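**Student:** Mind looking over this structure? Questions follow.
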Amino acid sequence: MRTVHTRGDLAAALSPWRRQGDTVALVPTMGHLHQGHLALVERARRHGDRVVATIFVNPLQFDRAEDLAAYPRSLETDSRALSEAGVDLLFAPLEAEVYPRGRDGVTRVEVPVLGDDLEGAHRPGHFVGVATVVCKLFSLVRPHVAVFGEKDYQQLLIVQRMTEDLDLGVEIMAIPTVREPDGLALSSRNSHLDAADRARAPALHGALSACVDALQWGDTAYAALEQAARARVTAAGLRPDYVSIRRQQDLGPPDAGERSLVVLGAAWCGPARLIDNIRTDLPPRD
Ligand code: PAF
1319 MRTVHTRGDL
1329 AAALSPWRRQ
1339 GDTVALVPTM
1349 GHLHQGHLAL
1359 VERARRHGDR
1369 VVATIFVNPL
1379 QFDRAEDLAA
1389 YPRSLETDSR
1399 ALSEAGVDLL
1409 FAPLEAEVYP
1419 RGRDGVTRVE
1429 VPVLGDDLEG
1439 AHRPGHFVGV
1449 ATVVCKLFSL
1459 VRPHVAVFGE
1469 KDYQQLLIVQ
1479 RMTEDLDLGV
1489 EIMAIPTVRE
1499 PDGLALSSRN
1509 SHLDAADRAR
1519 APALHGALSA
1529 CVDALQWGDT
1539 AYAALEQAAR
1549 ARVTAAGLRP
1559 DYVSIRRQQD
1569 LGPPDAGERS
1579 LVVLGAAWCG
1589 PARLIDNIRT
1599 DLPPRD
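The following block contains the structure:
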């Protein structure tokens, strides 16, 4: 695996592949990699002749300076893992490579409506930061395919929508959430959990699963189910930001007849903010 840090070196590394018509699959990450990221790489390998991964802790998508400062960084270990997983090229730029004129006045990409609610409401500016950096990474790498995790379900829909609206011509692929045996979704932020918080953390997934079970039994009292899930998260010692039942397709509020649902949740567990979601497709009504 070759590692480059500048946009010039990136372009030089990509150019022979382009000339010979190789397809490129992109895996954008912020590093501190886990098995979930490696699952993205594995999918990328199946869909591109060449796999490019990026590691960039994008300051534009952090709504809190402490979160940005505390975000775990482990470039050396990450490089080894990516190389062993079969990545051909790693782009690990400094901020000045991505935002050469500084980030304050940079042109931004906004996906309205989809980006305003849930995570967008709790983390102002977050999705503008995500959409902007993903758009820039697409422009710099010009991949045929890009792979994202379903754990960040709202992010996935936003990237899909942006790619369509801006005619970016990149095929977006989604990979199911990878979990610990007790249900906790893998996340780079899990490394902030001490032993007591780690023991409590699966409660978010437990509450979302209970909500999905109730939906599968035909319960359509969405507000009551959300309230019960929040209470369960609170009882486990977490601080829920939201639990919400939405339409899978566009995260709009579902009516009682909706069959394709997603239950999304976010909660503070000690110093870490966990997010998770479970999609569920209900059987057609008779
Ligand atoms: O999901 C992430 O790790 C980030 O939001 C992404 C897509 C790499 C953009 O910085």
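Residue numbers (my numbering): 1319 to 1604. We put the beta carbon where it would ideally sit given N, CA and C, even for glycine. In this text the structure is predicted, and so the values were computed from the model without any measurement.
#1: Does the contact criterion of 3 or more C-beta pairs under 8 angstroms hold for the region 1556-1563 versus the region 1416-1434?
#2: The ligand PAF heavy atoms versus the CB of Val-1448: any closer than 7 angstroms?
#3: Could you spell out where the beta strand (DSSP E) holding Asp-1385 opens and where it closes?
#4: At 4 residues or longer, and completely inside the region 1527-1558: list those alpha helix (DSSP H) runs for me, N to C.
#5: What are the uninterrupted segments assigned as alpha helix (DSSP H) that are 4 or more residues long and contained completely in the region 1377-1437, given in chain order?
#6: Name the DSSP beta bridge partners of Met-1491, please?
#7: Give the list of continuous alpha helix (DSSP H) stretches no shorter than 4 residues that lie fully inside the region 1338-1365.
#8: According to DSSP, simplified to helix, strand and coil, what is Ala-1519?
#9: Flag this pair as yes or no: are the beta carbons of Ala-1479 and Thr-1450 separated by less than 8 angstroms?
#10: Between the region 1437-1454 and the region 1363-1370, do three or more beta carbon pairs fall short of 8 angstroms?
#11: Less than 7 angstroms between C-beta atoms, sequence neighbours within five positions excluded: which residues of the same chain meet that for Asn-1376?
#12: May I ask whether a heavy atom of the ligand PAF can be found less than 7 angstroms away from the beta carbon of Val-1359?
#13: Determine whether the beta carbon atoms of Tyr-1471 and Leu-1356 lie at a separation below 8 angstroms.
#14: Check whether the Cβ atoms of Pro-1334 and Thr-1372 sit closer than 8 angstroms, and answer yes or no.
#15: Which partner residues of Cys-1622 appear in the DSSP bridge assignment?
#16: Between Cys-1587 and Arg-1497, is the Cβ-Cβ spacing less than 8 angstroms?
#17: Return the chain-ordered list of same chain residues with a C-beta closer than 7 angstroms to the C-beta of Arg-1419, the five sequence neighbours on each side being excluded.
#18: Going by CA-CA distance only, name the one from His-1444, Glu-1394, Leu-1332 that's closest to Arg-1460.
#19: For Tyr-1417, which residues from the same chain have a beta carbon less than 6 angstroms from its beta carbon, with the 5 sequence-adjacent residues on both sides left out?
#20: With distances taken Cα to Cα, identify the nearest neighbour of Pro-1520 among Phe-1374, Asp-1531, Leu-1504, Val-1370.
#21: Roughly how many angstroms separate the alpha carbons of Gln-1566 and Ala-1553, rounded to a whole number?
#22: CB-CB under 6 angstroms to Gly-1354, same chain, minus the five flanking residues each way: which ones, in chain order?
#23: Within the continuous beta strand (DSSP E) that includes Ala-1371, where are the two ends?
#24: Excluding sequence positions up to five away, which residues of its chain have a Cβ less than 8 angstroms from the Cβ of Gly-1575?
**Tutor:** Let's see:
#1: no
#2: Here residue 1448 is taken as the residue at index 130 of the sequence shown, counted from 1. For the ligand PAF, at least one heavy atom lies less than 7 angstroms from the Cβ of Val-1448.
#3: Counted from its first residue, the sequence shown places residue 1385 at position 67. Premise fails: Asp-1385 lies in the alpha helix (DSSP H), 1383-1388, not in any beta strand (DSSP E).
#4: 1540-1553
#5: 1383-1388, 1393-1403, 1413-1416
#6: Numbered from 1 along the sequence shown, position 173 holds the residue referred to as residue 1491. Answer is Val-1465.
#7: 1353-1365
#8: Stepping through the sequence shown from its first residue, residue 1519 is reached at position 201. Coil.
#9: Indexing the sequence shown from 1 puts residue 1479 at position 161. Indexing the sequence shown from 1 puts residue 1450 at position 132. Sequence check: residue 1479 is Arg here, not Ala. Contact: no.
#10: no
#11: Sequence index remark: in the sequence shown, residue 1376 carries index 58 (1-based). Counting only Cβ-Cβ distances below 7 angstroms, and skipping sequence neighbours, we find Met-1348, Gly-1447, Val-1451.
#12: Here residue 1359 is taken as the residue at index 41 of the sequence shown, counted from 1. False, no ligand heavy atom lies under 7 angstroms from that Cβ.
#13: Indexing the sequence shown from 1 puts residue 1471 at position 153. Indexing the sequence shown from 1 puts residue 1356 at position 38. No, the Cβ-Cβ distance between Tyr-1471 and Leu-1356 is not below 8 angstroms.
#14: Along the sequence shown, read from residue 1 onward, the residue named residue 1334 stands at position 16. Along the sequence shown, read from residue 1 onward, the residue named residue 1372 stands at position 54. No, Cβ-Cβ distance for Pro-1334 and Thr-1372 is not below 8 angstroms.
#15: Since the first and last residues shown for the chain are 1319 and 1604, residue 1622 lies out of range.
#16: Here residue 1587 is taken as the residue at index 269 of the sequence shown, counted from 1. Here residue 1497 is taken as the residue at index 179 of the sequence shown, counted from 1. The answer is no: Cβ separation not under 8 angstroms.
#17: The residue labelled residue 1419 in the question sits at position 101 within the sequence shown. Excluding residues within five positions, none has a Cβ falling inside 7 angstroms.
#18: Translated into positions along the sequence shown, residue 1460 becomes position 142. Cα-wise, what sits closest to Arg-1460 is Leu-1332.
#19: Indexing the sequence shown from 1 puts residue 1417 at position 99. Correct list, in chain order: Val-1424.
#20: The residue labelled residue 1520 in the question sits at position 202 within the sequence shown. It is Leu-1504 whose Cα lies nearest to the Cα of Pro-1520.
#21: Residue mapping note: residue 1566 aligns to position 248 of the sequence shown, counting from 1. Residue mapping note: residue 1553 aligns to position 235 of the sequence shown, counting from 1. Taking the straight line from one Cα to the other gives about 28 angstroms.
#22: Within the sequence shown, residue 1354 is the residue found at index 36, counting from 1. Excluding residues within five positions, the ones whose Cβ falls inside 6 angstroms are Gly-1467, Val-1496, Leu-1504.
#23: Counted from its first residue, the sequence shown places residue 1371 at position 53. First-last of the beta strand (DSSP E) with Ala-1371: 1368-1373.
#24: As a working note, residue 1575 is residue 257 in the sequence shown. Taken in chain order, the residues that qualify are Arg-1603.
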